[in-house]
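Asker: If you're matching them up, the sequences are chains A and B in order. Count along the first sequence starting at 1, add 11, and that's the number in the working numbering. Count along the second sequence starting at 1, add 11, and that's the number in the working numbering.
2 protein chains.
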Amino acid sequence: MNHINHIEELTDELILFFNSFSSWENSVIRSSDLSVSEAHAIEALGQHGTMNMKSLAGKLGVTTGTTTVTVDRLESKKYARRTSTKKDRRVNLISLTEKGEKAFAEHHRFHLDLTEQMCACLSKEEAMQLLETIKKINREIF
Amino acid sequence: MNHINHIEELTDELILFFNSFSSWENSVIRSSDLSVSEAHAIEALGQHGTMNMKSLAGKLGVTTGTTTVTVDRLESKKYARRTSTKKDRRVNLISLTEKGEKAFAEHHRFHLDLTEQMCACLSKEEAMQLLETIKKINREIF
DNA sequence: AAAATATACTTTGATAATCAAACATTATCA
DNA sequence: TGATAATGTTTGATTATCAAAGTATATTTT
Numbered sequence: 012m013n014h015i016n017h018i019e020e021l022t023d024e025l026i027l028f029f030n031s032f033s034s035w036e037n038s039v040i041r042s043s044d045l046s047v048s049e050a051h052a053i054e055a056l057g058q059h060g061t062m063n064m065k066s067l068a069g070k071l072g073v074t075t076g077t078t079t080v081t082v083d084r085l086e087s088k089k090y091a092r093r094t095s096t097k098k099d100r101r102v103n104l105i106s107l108t109e110k111g112e113k114a115f116a117e118h119h120r121f122h123l124d125l126t127e128q129m130c131a132c133l134s135k136e137e138a139m140q141l142l143e144t145i146k147k148i149n150r151e152i153f
Numbered sequence: 012m013n014h015i016n017h018i019e020e021l022t023d024e025l026i027l028f029f030n031s032f033s034s035w036e037n038s039v040i041r042s043s044d045l046s047v048s049e050a051h052a053i054e055a056l057g058q059h060g061t062m063n064m065k066s067l068a069g070k071l072g073v074t075t076g077t078t079t080v081t082v083d084r085l086e087s088k089k090y091a092r093r094t095s096t097k098k099d100r101r102v103n104l105i106s107l108t109e110k111g112e113k114a115f116a117e118h119h120r121f122h123l124d125l126t127e128q129m130c131a132c133l134s135k136e137e138a139m140q141l142l143e144t145i146k147k148i149n150r151e152i153f
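Printed below as a string of structure tokens:
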């Protein structure tokens, strides 16, 4: 993989993969009654569990100000709730309500289906290798 | 890869990968004088060459209305231009100006660096396998 | 302990991003 | 020719976002 053309090619395929994934996700979300940012927040909370505003903002890759707005809407729609802690009263812990958990499960089902589709066009070995590779990249690069 | 837990795990890693990639890209873009949608449009035009509005909208995964706005801004900032064709006078071909090509090259450099970083933590075989796998998924799923 | 500094979050004000639906223009089909 | 389809723009509304300023609480320094 030292060859420059392979780097070029992999780059182009990664960008294409990213854009396709993004389009796919947006169209899945638009078929629900959630906005894109709301859905992403629910996804993060469902996957990683209750967390404070700062961590949630970090997971979503946006500022805490943006996250405040998103969580406000999730709260008013009853998908999530804020809980303050005794230990540090500045902190708000954000957790999913039952409705939020349900929405997460539903959305996650789409992701699982997509992953299954992907694996269906790969051999068992390729799929296992993909998992290992993505894990490595997630741990070591991002 | 038939095991349900592996599907779960791969799904979670893919989502993490996607979110990390997204955050990375956003922070790269914010260090330039382009907005996120402008940068994405330049990226698509640079990678695939001149195309009409509909194709560009398709590549970006947004409506043509949204694309009109984006291209308006790119044009007013001199990164891209519209050219009408004789063959079909409804069509606008969008192409990068010299300034646009330069911005693309610069942005693409960041992507190439990221890919190199990724490959640096993989063996040659793993990297080649990743390329093949992503290609397959891009062709067959998206 | 008081003052200074840092942290977690919200608010504000502005701009960017987006969609759906209506519209204008040009092509194609019957 | 007239009807239908396709390409792109405009409109009106909503969502998404940031940076910077503000609020409240914790921590550190003197």
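Glycine included, each C-beta is placed from N, C-alpha and C at the ideal position.
Going along the chain, which residues of the segment 29 to 60 of chain B sit with their C-beta nearer than 9 angstroms to a C-beta in chain A?
Answerer: Within the segment 29 to 60 of chain B, the residues whose Cβ lies closer than 9 angstroms to some Cβ of chain A are 29, 30, 31, 32, 33, 34, 35, 36, 37, 38, 51, 54, 55 and 58, listed in chain order.
Asker: Can residue 57 of chain B and residue 121 of chain B be called in contact, C-beta distance under 9 angstroms?
Answerer: No, these two residues do not count as a Cβ contact at 9 angstroms.
Asker: Under 9 angstroms, Cβ to Cβ, is there at least one residue of chain B near residue 149 of chain A?
Answerer: Taking Cβ atoms only, chain B reaches closer than 9 angstroms to residue 149 of chain A, which makes this a yes.
Asker: Run through DSSP, which three-state label would residue 125 of chain A get?
Answerer: The answer is helix: DSSP assigns residue 125 of chain A an H, G or I state.
Asker: Taking C-alpha atoms, which residue in A:15, A:36 and A:21 lies nearest to residue 153 of chain B?
Answerer: Answer by Cα proximity: A:36.
Asker: With H, G and I counted as helix, E and B as strand and the rest as coil, what does DSSP make of residue 105 of chain A?
Answerer: Reduced to three states, the DSSP call for residue 105 of chain A is strand.
Asker: May I ask you to list, following chain order, the residues of the segment 71 to 100 of chain B that have a beta carbon less than 7 angstroms from some beta carbon of chain A?
Answerer: Listed in sequence order: 72.
Asker: Measure from the alpha carbon of residue 72 of chain A to the alpha carbon of each residue in B:97, B:30 and B:47, then state which is nearest.
Answerer: Ranking the options by Cα distance to residue 72 of chain A, first place goes to B:30.
Asker: Tell me which residue opens and which closes the beta strand (DSSP E) that residue 5 of chain B is part of.
Answerer: No information on residue 5 of chain B is available, as it lies outside the stretch 12 to 153 that chain B covers here.
Asker: Please tell me whether residue 62 of chain A has its Cβ less than 9 angstroms away from any Cβ of chain B.
Answerer: Chain B, which has no Cβ nearer than 9 angstroms to the Cβ of residue 62 of chain A, makes this no.
Asker: If distances are taken between C-alpha atoms only, which option among B:117, B:100, B:128 and B:147 comes closest to residue 137 of chain A?
Answerer: The residue with the shortest Cα to Cα distance from residue 137 of chain A is B:147.
Asker: Measure how close the beta-carbons of residue 82 of chain A and residue 100 of chain A come, nearest whole angstrom, since I'm counting them as under 8 angstroms.
Answerer: Contact flag wrong, Cβ pair sits at about 17 angstroms.
Asker: For the alpha helix (DSSP H) containing residue 147 of chain A, list its first residue and its last residue.
Answerer: Here the alpha helix (DSSP H) through residue 147 of chain A covers 135 to 151.
Asker: When the Cβ atoms of the segment 101 to 110 of chain B are set against those of the segment 61 to 75 of chain B, are three or more pairs found closer than 8 angstroms?
Answerer: These segments touch.
Asker: List the residues that DSSP assigns as beta-bridge partners of residue 63 of chain B.
Answerer: For residue 63 of chain B, which the question treats as bridged, DSSP gives the partners B:104.
Asker: Shortest alpha-carbon distance to residue 75 of chain A belongs to which of A:52, A:46 and A:19?
Answerer: Of the listed residues, the one whose Cα sits closest to residue 75 of chain A is A:52.
Asker: May I ask you to report which of helix, strand or coil DSSP gives residue 17 of chain A?
Answerer: Residue state, collapsed to three classes: helix.
Asker: Between residue 18 of chain A and residue 54 of chain B, which are expected to be in contact by the criterion C-beta below 8 angstroms, what is the C-beta distance as a whole number of angstroms?
Answerer: That belief does not hold up - the Cβ atoms of residue 18 of chain A and residue 54 of chain B are roughly 17 angstroms apart, past 8 angstroms.
Asker: Below 8 angstroms on the Cβ atoms is my contact criterion, and I expect residue 144 of chain A with residue 123 of chain B to pass it. Report the Cβ-Cβ distance as a whole number of Å.
Answerer: Not really, about 19 angstroms apart at Cβ, beyond 8 angstroms.
Asker: Do you know offhand how far residue 42 of chain B's Cα is from residue 125 of chain B's?
Answerer: Distance between the alpha carbons of residue 42 of chain B and residue 125 of chain B: 16 angstroms.
Asker: Please report whether the beta-carbon of residue 104 of chain B lies at a distance below 9 angstroms from any beta-carbon of chain A.
Answerer: By this cut-off, residue 104 of chain B is not an interface position.
Asker: Let me make sure I understand the geometry here. Which of B:44, B:39 and B:24 has the alpha-carbon closest to that of residue 110 of chain B?
Answerer: Nearest option by C-alpha distance: B:44.
Asker: What's the C-alpha gap between residue 132 of chain A and residue 149 of chain B?
Answerer: Answer to the nearest angstrom: the Cα atoms are 11 angstroms apart.
Asker: Just to make sure I have the definition right: I need the residues of chain A whose C-beta is within less than 9 angstroms of the C-beta of residue 107 of chain B. Which are they?
Answerer: Under the 9 angstroms cutoff, chain A gives no residues; its nearest Cβ is about 16 angstroms from residue 107 of chain B.
Asker: Compare the Cα-Cα distances from residue 88 of chain A to each of A:135, A:67, A:15 and A:49 and report the closest residue.
Answerer: Among A:135, A:67, A:15 and A:49, the Cα nearest to that of residue 88 of chain A is on A:49.
Asker: For residue 127 of chain B, decide whether its Cβ has a neighbour in chain A, counting only Cβ atoms nearer than 9 angstroms.
Answerer: At least one chain A Cβ lies under 9 angstroms of residue 127 of chain B.
Asker: Assuming residue 78 of chain A and residue 68 of chain A form a contact by the criterion Cβ under 8 angstroms, report the distance between their Cβ atoms to the nearest whole angstrom.
Answerer: Confirmed, about 4 angstroms.
Asker: Would the beta-carbon of residue 141 of chain B fall within 9 angstroms of that of residue 141 of chain A?
Answerer: Yes. Within cutoff.
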